[in-house]
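Step one of this worksheet: look at the structure below.
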Ligand SMILES: [Zn+2]
Ligand SMILES: [Zn+2]
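In the numbering used here, the protein residues as written are 137 to 401.
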């Protein structure tokens, strides 16, 4: 069986759940480590979990909201001046990210070369698969407050899908068709007005519906504010997923993507 594993590094929404960094998810396969998103607190937590002698080979950003990219900065300094000097990660950016990151670092009078001097910067599109280490990756435009890309990773016969932050869209379930493990955000309360125009997040029920329509084997929820009640979110997603296995992603847990999660009663 292919060794394709996921370790959530951080799963908080745009604010912190206690003890959880913002978004960051480590994929491991064929000896390659790929970090999907790099929100605040992710680099420190990664080092605590894996250590400096386990370099990240590539970082792929879904979008450049703060909770998905801010730790690119301290990670850069760790590589430039700290204990991570042997690291040389690729940094895969979605369309438009270069301009937004340039605006970010202009706050301290830097330009985009600030990132290029540390990271091997690559850019991906949404019209063709691209290879990150052993993974074949595809991206889908999803509605959010800025450009956001759902991502799908394939390794041999095993597939992993990440919703990124997104509002409701009929395109997401076909994009995630048949994935072994779907990691979906569920930041919205079930109690809000779901018809609000331009909504940029989904509920746990909607995440469960995506898993059901996609024919996903298992569902992990992330970006769930603790105050929404994890048990309630998990139950709502599982009900929409026709009782399918649903877990709440937590930092440091490790999942074998090819193996179905156990159903939670
Ligand atoms: Zn977010
Ligand atoms: Zn976002």
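Every residue, glycine too, gets a C-beta built ideally from N, C-alpha and C.
A quick note: this is a predicted structure, and the numbers were derived from the prediction, not measured.
Closer than 7 Å: residue i CB and nearest ligand 2 heavy atom
{"i": "residue 301", "result": "yes"}
{"i": "residue 387", "result": "no"}
{"i": "residue 176", "result": "no"}
Nearest residue (CA-CA) to residue i, options the options
{"i": "residue 298", "options": "333, 189, 308, 245", "result": "308"}
{"i": "residue 382", "options": "166, 208, 342", "result": "342"}
{"i": "residue 333", "options": "369, 346, 281", "result": "281"}
{"i": "residue 248", "options": "178, 164, 227", "result": "227"}
{"i": "residue 293", "options": "263, 225, 165", "result": "165"}
{"i": "residue 205", "options": "193, 172, 218", "result": "172"}
Buried or exposed (CB count within 10 angstroms, at least 16 for buried), residue i
{"i": "residue 159", "result": "buried"}
{"i": "residue 391", "result": "buried"}
{"i": "residue 285", "result": "buried"}
{"i": "residue 301", "result": "buried"}
{"i": "residue 203", "result": "buried"}
heavy atom of ligand 1 below 7 Å from residue i C-beta
{"i": "residue 359", "result": "yes"}
{"i": "residue 150", "result": "yes"}
{"i": "residue 204", "result": "yes"}
{"i": "residue 325", "result": "no"}
{"i": "residue 159", "result": "yes"}
Cβ neighbours of residue i in the same chain (closer than 6 Å, five flanking residues each side left out)
{"i": "residue 148", "result": "156, 158"}
{"i": "residue 303", "result": "279, 335, 336"}
{"i": "residue 350", "result": "309, 312, 313"}
{"i": "residue 295", "result": "315, 316"}
Same chain only: Cβ atoms within 8 Å of residue i, ignoring 5 sequence neighbours per side
{"i": "residue 254", "result": "212, 215, 216"}
Residue i CB to nearest heavy atom of ligand 3 below 7 Å
{"i": "residue 222", "result": "Ligand 3 is not part of this structure, which contains only ligand 1 and ligand 2."}
Presumed contact (8 Å Cβ cut-off) between residue i and residue j, rounded CB distance
{"i": "residue 317", "j": "residue 356", "result": "7 Å"}
{"i": "residue 322", "j": "residue 340", "result": "4 Å"}
{"i": "residue 144", "j": "residue 394", "result": "With 8 Å as the limit, residue 144 and residue 394 do not qualify as a contact, their Cβ atoms being about 17 Å apart."}
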